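Peer 1: Can you keep this structure in mind? I'll have questions shortly.
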Amino acid sequence: MALESADVIPIGIGELFATDQRNAELVAYGLGSCIGVVVHDRVARAGGMVHVLLPERLGTHELSDSPDGLLRYADTGVRELLNRVTGLGASRHHLVAKIAGGARMFQVPDELQMLDIGARNAKAVRAVLDEVGVPLVAHDVGGTTGRTMRYLVGSGKVYVREPGMSEREL
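Using this note's numbering, you'd call the opening residue of the sequence shown number 1441 and step up by one each time.
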């Protein structure tokens, strides 16, 4: 897809966009317990973003078994992001990752920490990145508020903003 100058592309839950269009701006709005994952190749100046909802797919016969439905899970969505970005000519050796989100949106008793989806999402994303050898160079995860993540493909810069706060670079 050819992009106009400063095209903003929203990345919704379970969505992914990879591009080598240097004027693209990818934005994930309302990252609560979800995680926005950006991978960027600083040499090819290509990258992408996926908006992860859950750490892993639990069943084998879920409604989200379509290829795009699998993007909502950290274990499959992050891998597909890497596949699509390298498919644009990016090199795994030049890729770096930045993540944001993973908030605890609801109070969870200590005995039910498994229900802290934000923390589980962050852990799952980190595990996939470690497994495939893509360094996580910046992150803004946890806390109790949502955030918006903005990725400028040409520069590789990623910005995060929480409600009522100034935008800051990761």
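Note that the Cβ used here is the ideal one computed from N, Cα and C, for glycine as well. Small disclaimer: the values here were computed from a predicted structure and weren't measured.
Helix, strand or coil for arginine 1482, going by three-state DSSP, please let me know.
Peer 2: coil
Peer 1: Tell me which same chain residues have a C-beta within less than 6 angstroms of the C-beta of glutamate 1602, skipping the five on either side of it?
Peer 2: Thr1585, Arg1587
Peer 1: Any contact between the segment 1448-1462 and the segment 1537-1548? By contact I mean 3 or more CB pairs, one from each, below 8 angstroms.
Peer 2: no
Peer 1: Would valine 1479 and alanine 1537 be called neighbours here (beta carbons separated by less than 8 angstroms)?
Peer 2: yes
Peer 1: DSSP state of threonine 1584, grouped into three classes?
Peer 2: coil
Peer 1: Specify the secondary structure class of arginine 1532 as computed by DSSP and reduced to three states.
Peer 2: If DSSP states are grouped into helix, strand and coil, arginine 1532 belongs with the helices.
Peer 1: Could you spell out the range, first to last residue, of the beta strand (DSSP E) harbouring leucine 1456?
Peer 2: 1456-1459
Peer 1: On the three-state DSSP scale, how would you describe leucine 1576?
Peer 2: strand
Peer 1: Whole angstroms is fine: what's the gap from asparagine 1561's alpha carbon to valine 1448's?
Peer 2: 25 angstroms
Peer 1: Following the continuous alpha helix (DSSP H) through valine 1518, name the residue where it begins and the one where it ends.
Peer 2: 1514-1526
Peer 1: Taking C-alpha atoms, which residue in Gly1529, Met1489, Val1581, Arg1485 lies nearest to arginine 1462?
Peer 2: Arg1485
Peer 1: May I ask you to report which of helix, strand or coil DSSP gives glycine 1476?
Peer 2: strand
Peer 1: Between which two residues does the beta strand (DSSP E) carrying glycine 1452 extend?
Peer 2: Here glycine 1452 belongs to no beta strand (DSSP E), and DSSP marks it neither H nor E.
Peer 1: Taking the straight line between their C-alpha atoms, what separation do you get for alanine 1464 and alanine 1564?
Peer 2: 27 angstroms
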